[in-house]
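Below: one structure, written as structure tokens.
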Amino acid sequence: MRKMPDNINAAQILLGRYGKDSLSYFALHDKKYFFFSSTGQSFLSYAVKGKIALVSGDPVGPVTEIPNLLKEFSYFIKGAGLSSCFLAVSHETLQNLVEIGHKHVHIGKEAIINLSAFKKSLLKKKVRRAERYVLNQGVTCRIYKRRDIPTAYLNQLQDISEEWLNDKGGKEKRFTMTLGRIPNEMDQDCEMVLALQNETVIGYLTFVPVYASKGLSLDAARKKKHVPNGLTEFLLIQSLEYFKKNGIQSVSLNFATFHYSAKGEQKFSDTLFLTFLYKVLSSVYMTNTLYAFNNKFLPQWRERYIAFEKKRYLPNYLFAIASTEL
């Protein structure tokens, strides 16, 4: 089902009611399709690459609806001559997929900040010094809902994004854990965190809402060239303290890091495949860099998985993941 205005409205309503997973809001990425259950009370989002339907994150809907939604999607995919691969699903969704015959691989851990336990004083001195250094450079932080951000600042965000993208190859990358755009009029509840120096925006973070769990998920972190070192750490500390004071319960740094651990439980025994899989995904997600950065903020770690239908299609699944995320 292609995205049409009515589908977007229906998806937004369901997200507001049932979107509890930190990746739920990313279903609204511009390049995704929607598949709704026959009841209209649940949906998932996906992209098609070749003969692969690549689903990102958990389905959205009442818990009791999800097993039937996945079965209906499976029938739909088979009828279209496709094979499905689910990327970055939680343990709960994985159990439903295993029941309908999917294999799976543990792909990493997502960093979750429990704000009730977050205290800046518990962070390492190096991280706290980074915040102080940026403050001493005359940088301030301002936080707006998307609906409230002044147009002048929004225009500057666009300039920063374009400069950042040009340095990265000129286009948005990744679709599983990002909106793929600066939040627009449709994204009124997104949080925009700005770093300003002499009233000029020099960097920003954007967060999407996780409605049903009263949380937020980091979407984008971008900055101009030649800004003070530690700017992203500064913005994150300022954000976490602000969100904690304003009733947010958790913040996901949202990178399923694809950090391989030999101790992790693996249901799939093909060592060669696992080695290649982690090599591909590490290049996509900058594993070591992101893992080390997220760890600075003392997160809890949530497991994420890839689930797929057929072992013989493994090269196709890898191609679909890499081509969609790169």
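Counting in the numbering used here, the sequence shown runs without a single skipped number right up to 1821 at its last residue.
Glycine is no exception: its CB is placed at the ideal position from the N, C-alpha and C atoms.
Give me whichever residues DSSP pairs with residue i in a beta bridge.
| i | result |
| --- | --- |
| MET1687 | TYR1639, THR1701 |
| ILE1547 | LYS1544, SER1578 |
| TRP1796 | ALA1606 |
| GLN1692 | VAL1634, THR1695 |
| HIS1599 | ALA1802 |
| LEU1617 | Beta-bridge pairing links LEU1617 to no other residue. |
| PHE1538 | PHE1531, VAL1555 |
| VAL1746 | ILE1608, LEU1711 |
Hey, quick one: how far does the alpha helix (DSSP H) through residue i stretch, first residue to last?
| i | result |
| --- | --- |
| ARG1807 | Where ARG1807 is concerned, there is no enclosing alpha helix (DSSP H), given that its DSSP letter is neither H nor E. |
| SER1734 | 1726–1740 |
| LEU1592 | 1586–1594 |
| VAL1622 | 1620–1631 |
| LEU1649 | 1646–1662 |
Under 8 angstroms by Cβ, that's how I've got residue i and residue j pegged, so tell me the actual separation to the nearest angstrom.
| i | j | result |
| --- | --- | --- |
| HIS1601 | TYR1800 | 6 angstroms |
| ALA1815 | LEU1549 | 5 angstroms |
| LEU1518 | PHE1538 | LEU1518 to PHE1538, Cβ: 14 angstroms. No contact. |
| SER1532 | GLU1587 | Wrong, their Cβ atoms sit about 17 angstroms apart, outside the cutoff. |
| LEU1617 | LYS1739 | Not quite, the Cβ-Cβ distance comes to about 13 angstroms (not below 8 angstroms), so this is no contact. |
| LEU1730 | CYS1636 | 6 angstroms |
| ALA1690 | VAL1634 | 5 angstroms |
| LEU1700 | ALA1606 | That belief does not hold up - the Cβ atoms of LEU1700 and ALA1606 are roughly 14 angstroms apart, past 8 angstroms. |
| GLY1552 | TYR1513 | So it is not a contact: roughly 13 angstroms between Cβ atoms. |
| VAL1696 | GLN1651 | 4 angstroms |
| SER1578 | GLU1820 | About 18 angstroms; that fails the 8 angstroms criterion. |
| LYS1615 | ILE1743 | That pair is no contact at about 16 angstroms. |
| LEU1565 | LEU1592 | 6 angstroms |
| TYR1520 | ALA1542 | Between ALA1542 and TYR1520 the Cβ distance is about 16 angstroms, and since that is not below 8 angstroms, they are no contact. |
| LYS1515 | SER1708 | 4 angstroms |
| ALA1817 | PHE1581 | The Cβ separation is near 16 angstroms, so there is no contact. |
| LYS1619 | LYS1791 | 7 angstroms |
| CYS1685 | VAL1703 | 5 angstroms |
| ILE1608 | PRO1794 | 5 angstroms |
Got a sec, what are the start and stop residues for the beta strand (DSSP E) residue i sits in?
| i | result |
| --- | --- |
| SER1712 | 1710–1718 |
So, is the C-beta of residue i closer than 8 angstroms to a C-beta in chain B?
| i | result |
| --- | --- |
| GLY1574 | The structure shown contains no chain B; it is built from a single protein chain. |
Complete beta strand (DSSP E) runs within the region 1504–1536 (minimum length 3 residues, chain order): Listed in chain order, the complete beta strand (DSSP E) runs (minimum 3 residues) inside the region 1504–1536 are 1528–1531.
Segment contact flag, the region 1556–1573 with the region 1706–1713, C-beta cutoff 8 angstroms, min 3 pairs: As far as the Cβ criterion goes, the region 1556–1573 does not touch the region 1706–1713, which means the pair count is below three.
Cβ contact (3+ pairs, closer than 8 angstroms) linking the region 1727–1739 and the region 1672–1680: These segments do not touch.
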